[in-house]
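Colleague:
Numbering (this note's numbering), first residue to last: 10 to 655.
Given below as structure tokens:
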């Protein structure tokens, strides 16, 4: 397996690839092309549709929705009632207080670069009744908020028009919205992989998408003046939910989940076989079952009866009928071959962005958010990929602080570039089909069990540190005086108080100690700190760089030793091994020996020898993401280590 991956990585060639965009086909070809879209000429406006309605209407018929729910029942009556009220009265977007006052923000420069596509998109909305306009400047209410336009290119050559409701900072609509009032639960690739594994090889998969998803919900009349924008010298008012408003996702999500609930009831389809990510609904069913075909038929029936417009299945990137191959969350799955891969165009988009970021050492806010979003969906397909995400997520966190300035340039650290390049190499190696991973990989019955514990730094009791037992082997490392005294800090926090990080040092030592007994096998390490286990399962902690460094080191060392590692939570002193590890962490060797003797366990007289590199780091722990390499280089001097020995 190592040689297989090594060969794939050696053949990877990192270069920018052309992104093939479809030729833009305007829906309003009669609108003449403009030299400058800051001001559209008279001929352009004469060909432009007009909508003078100042209040919107939801596509969904509340009477039909209520009738369907009465017939089929509802899993969440409270949510159903909320959705019905929003449809009848218009959805309140939640902006309160001073943030409702008038303000003006400008359109982005990028919007004018794709002015023809923006003009066409706005014209479509006006024609469909989703937007009021065009309106002359003197007719715009004085209390109106004029929001800037942002754009995002679509593969079909058109653009997604987004209103920047996060600007101006401190006065924006989004500043006045409490996002907690509009919860939205998104699905993920990890959840989808679990569904696929339940359905099994050769299973059927499908994707259902709403056309103009957000436009299905009208906004309450009292909030409409918060949704104005200017284009080409005229003014427009959005009448429905919009991209760019902080509450839109939550409002739409409640509606989509209500509809999905009715569909599953009508089709008698299990909800745990469906993943819903905003307007994308993907589902799977075993090969021998007709359940998925019934699910799609039920969705089409319910949608038609209540007014939901579904996207056509002519574009498989948007929606597809039950089949055995399709793109879900940006990844192409083939259930016959049981493989996944990244579509060529999507790979080029991600790869080009990563190369640009790493070459310049900087990125715009929106570019960072886009790249991270794509990698998040791919991460679960690479079991150890989560351990190469800490710096990427820190970049994401910084970018999210500047939502109101999507074109702001952010510096990118060298460590972040290394992680981005790791993913670029990995994804290029995965251009060919790769086996779909198991949802929850379990360890074999012959897994070796280890128990570790750590005490917090303190000068009150001598000898506090970390200890662990592994079959007949054991180890103990006391904390340095600088840690016990609170003098050693990482990121301004005393290391002696970073309990989750301290608890992870034991598992790191245990993996190194198990390099002979568990090599080529599996190791389960029991830890009595739930935070440490959670960080391991996630692969990083954005709030603790030290803990992220340690779990990354554990994963890298385990990979080089070909050991499958699992960290599991155990109640303190709830087993002999846990009690022995607890005694070692407090330097209570008498209790340690007594626990072993009582249980009839014969422990080695001497503790496990720990590599000098690791001991030196424990003495002065720092955030060092090259620690694994240095540990493995030392081990390779006396034994064979994958990737480090000739």
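All C-beta atoms, glycine included, are put in the ideal place defined by N, C-alpha and C.
Does residue 117 come out as helix, strand or coil in the three-state DSSP assignment?
Modeller: In the chain shown, counting from the first residue as 1, residue 117 sits at position 108. Residue state, collapsed to three classes: coil.
Colleague: In terms of DSSP beta bridges, what is residue 487 paired with?
Modeller: For the purposes of this step, residue 487 is taken as residue 478 along the chain shown, with counting starting at 1. DSSP lists 474 as partners of residue 487.
Colleague: To which residues does DSSP link residue 502 through a beta bridge?
Modeller: On the chain shown, position 493 is the one that residue 502 refers to. Answer is 499, bridged to residue 502.
Colleague: Beta-carbon within less than 7 Å of residue 289's beta-carbon, same chain only, minus the 5 sequence neighbours each way: which residues are those?
Modeller: Your numbering for residue 289 matches position 280 in the chain shown. Closer than 7 Å at Cβ, skipping near neighbours: 216, 218.
Colleague: Checking the sheet assignment: what are the DSSP bridge partners for residue 420?
Modeller: Numbered from 1 along the chain shown, position 411 holds the residue referred to as residue 420. Paired residue(s): 371.
Colleague: Assuming residue 133 is part of the alpha helix (DSSP H), what are its boundary residues?
Modeller: Your numbering for residue 133 matches position 124 in the chain shown. In this chain, the alpha helix (DSSP H) harbouring residue 133 covers 124-137.
Colleague: Judging by CA-CA distance, which residue of 551, 394, 445, 269 is the nearest neighbour of residue 400?
Modeller: The residue given as residue 400 occupies position 391 in the chain shown. Nearest of 551, 394, 445, 269 to residue 400, Cα basis: 551.
Colleague: Distance, Cα to Cα, residue 420 vs residue 367?
Modeller: Position 411 of the chain shown, counted from the first residue, corresponds to residue 420. Position 358 of the chain shown, counted from the first residue, corresponds to residue 367. Using only the alpha carbons, I get a separation of about 10 Å.
Colleague: Going along the chain, which residues of its own chain have a beta-carbon closer than 8 Å to the beta-carbon of residue 602, five neighbours each way excluded?
Modeller: For the purposes of this step, residue 602 is identified with residue 593 of the chain shown, where counting begins at 1. Within the same chain, residue 602 has close Cβ partners 612.
Colleague: Look at residue 539 and residue 556 and say whether their C-beta atoms are less than 9 Å apart.
Modeller: Along the chain shown, read from residue 1 onward, the residue named residue 539 stands at position 530. Along the chain shown, read from residue 1 onward, the residue named residue 556 stands at position 547. Contact: no.
Colleague: Could you have a look at residue 150 and say whether DSSP puts it in helix, strand or coil?
Modeller: What you label residue 150 is simply residue 141 of the chain shown in a count that begins at 1. Three-state DSSP puts residue 150 in coil, outside helix and strand.
Colleague: Extract the residue ranges of the alpha helix (DSSP H) inside the stretch 231-283, only unbroken runs of 4 or more that lie entirely within it.
Modeller: 257-276
Colleague: Can you give me the C-alpha to C-alpha distance between residue 653 and residue 486, rounded to a whole angstrom?
Modeller: Taking the chain shown and counting its residues from 1, one reaches residue 653 at position 644. Taking the chain shown and counting its residues from 1, one reaches residue 486 at position 477. Taking the straight line from one Cα to the other gives about 26 Å.
Colleague: Is it right to say residue 188 is buried, meaning 16 or more other beta carbons lie within 10 angstroms of its own, or is it exposed?
Modeller: The residue given as residue 188 occupies position 179 in the chain shown. With fewer than 16 Cβ atoms within 10 Å of its Cβ, residue 188 is classed as exposed.
Colleague: Is there contact between the stretch 324-334 and the stretch 76-85, where contact requires at least three CB pairs shorter than 8 Å?
Modeller: no
Colleague: Would you kindly report the start and end of the unbroken beta strand (DSSP E) that includes residue 169?
Modeller: Position 160 of the chain shown holds residue 169. It spans 168-173 - the beta strand (DSSP E) in which residue 169 sits, taken as one unbroken run.
Colleague: So, at 8 Å on beta carbons, what are the nonlocal neighbours of residue 303 in its own chain, with the 5 sequence-adjacent residues on each side left out?
Modeller: The count along the chain shown starts at 1 and reaches residue 303 at position 294. Closer than 8 Å at the Cβ level, and outside the excluded window around residue 303, lie 276, 277, 278.
Colleague: Using the Cα positions of residue 533 and residue 481, report the straight-line distance between them to the nearest angstrom.
Modeller: Here residue 533 refers to the residue found at position 524 of the chain shown. Here residue 481 refers to the residue found at position 472 of the chain shown. Pairing residue 533 with residue 481, the inter-Cα distance amounts to about 15 Å.
Colleague: What is the rounded straight-line gap between the Cα of residue 208 and the Cα of residue 445?
Modeller: For this step, residue 208 is matched to residue 199 along the chain shown. For this step, residue 445 is matched to residue 436 along the chain shown. Whole-angstrom Cα-Cα distance: 13 Å.
Colleague: Measuring alpha carbon to alpha carbon, tell me which residue in 99, 45, 38 is nearest residue 64.
Modeller: As a first step, residue 64 is located in the chain shown; it is residue number 55 there, counting from the start. Among 99, 45, 38, the Cα nearest to that of residue 64 belongs to 99.
Colleague: Only counting the same chain, and skipping five residues up and downstream in sequence, which positions put a Cβ closer than 8 Å to that of residue 200?
Modeller: Residue mapping note: residue 200 aligns to position 191 of the chain shown, counting from 1. Taken in chain order, the residues that qualify are 284.
Colleague: Less than 8 Å between C-beta atoms, sequence neighbours within five positions excluded: which residues of the same chain meet that for residue 137?
Modeller: Translated into positions along the chain shown, residue 137 becomes position 128. Same-chain partners within the cutoff: 221, 224.
Colleague: Classify residue 412: buried if its beta carbon has 16 or more other beta carbons within 10 angstroms, exposed otherwise.
Modeller: Counting from 1 along the chain shown, the entry for residue 412 is found at position 403. It counts as buried.
Colleague: When the Cβ atoms of the stretch 152-172 are set against those of the stretch 245-260, are three or more pairs found closer than 8 Å?
Modeller: yes
Colleague: Report, in whole angstroms, the separation of the C-beta atoms of residue 205 and residue 348, which I expect to be a contact under 8 Å.
Modeller: As a first step, residue 205 is located in the chain shown; it is residue number 196 there, counting from the start. As a first step, residue 348 is located in the chain shown; it is residue number 339 there, counting from the start. Contact doesn't hold; Cβ gap of about 11 Å is too wide.
Colleague: Rank 595, 45, 75 by C-alpha distance to the C-alpha of residue 271 and give the top, closest one.
Modeller: Residue 271 sits at position 262 when you count from the first residue of the chain shown. Checking every option, the nearest Cα to that of residue 271 belongs to 75.
Colleague: Report all residues from its chain with a CB closer than 7 Å to the CB of residue 571; omit the five preceding and five following residues, and keep chain order.
Modeller: Indexing the chain shown from 1 puts residue 571 at position 562. Counting only Cβ-Cβ distances below 7 Å, and skipping sequence neighbours, we find 528, 529, 651.
Colleague: Taking the alpha carbon of residue 81 as the reference point, which residue from 458, 267, 505 has its own alpha carbon closest?
Modeller: Within the chain shown, numbered from 1, the residue matching residue 81 stands at position 72. Ranking the options by Cα distance to residue 81, first place goes to 267.
Colleague: Since residue 91 contacts residue 265 with CB under 8 Å, what's their CB separation in whole angstroms?
Modeller: Position 82 of the chain shown, counted from the first residue, corresponds to residue 91. Position 256 of the chain shown, counted from the first residue, corresponds to residue 265. In fact, because the Cβ distance is near 13 Å, the residues do not count as touching under 8 Å.
Colleague: Helix, strand or coil, according to DSSP, for residue 310 in the structure here?
Modeller: Locating residue 310 in the chain shown gives position 301, counting from the first residue. In this structure, residue 310 counts as helix in the three-state DSSP scheme.
Colleague: In chain order, what residues of the same chain have a beta carbon less than 7 Å from the beta carbon of residue 391, not counting five sequence neighbours either side?
Modeller: By one-based count along the chain shown, residue 391 stands at place 382. Residues 435 of the same chain have their beta carbon placed closer than 7 Å to that of residue 391, with the five preceding and five following residues left out of the count.
Colleague: Does DSSP classify residue 461 as helix, strand or coil?
Modeller: Translated into the one-based positions of the chain shown, residue 461 becomes position 452. The answer is strand: DSSP assigns residue 461 an E or B state.
Colleague: If you follow the alpha helix (DSSP H) that residue 672 is in, where does it begin and where does it stop?
Modeller: The first residue shown for the chain is 10 and the last is 655, placing residue 672 beyond what the model contains.
Colleague: Opposite residue 349 in the DSSP bridges: which residues?
Modeller: Residue 349 sits at position 340 when you count from the first residue of the chain shown. DSSP output for residue 349 lists 342, 443 as bridge partner(s).
Colleague: Under a Cβ-count criterion, where at least 16 other Cβ atoms within 10 Å of its own Cβ denotes burial, should residue 47 be classed as buried or exposed?
Modeller: The sequence position of residue 47 within the chain shown is 38, counting from 1. With fewer than 16 Cβ atoms within 10 Å of its Cβ, residue 47 is classed as exposed.
Colleague: Going by Cα to Cα distance, which pick from 245, 93, 62 is closest to residue 70?
Modeller: As a first step, residue 70 must be located in the chain shown, where it is residue number 61. For residue 70, the nearest C-alpha among the options comes from 93.
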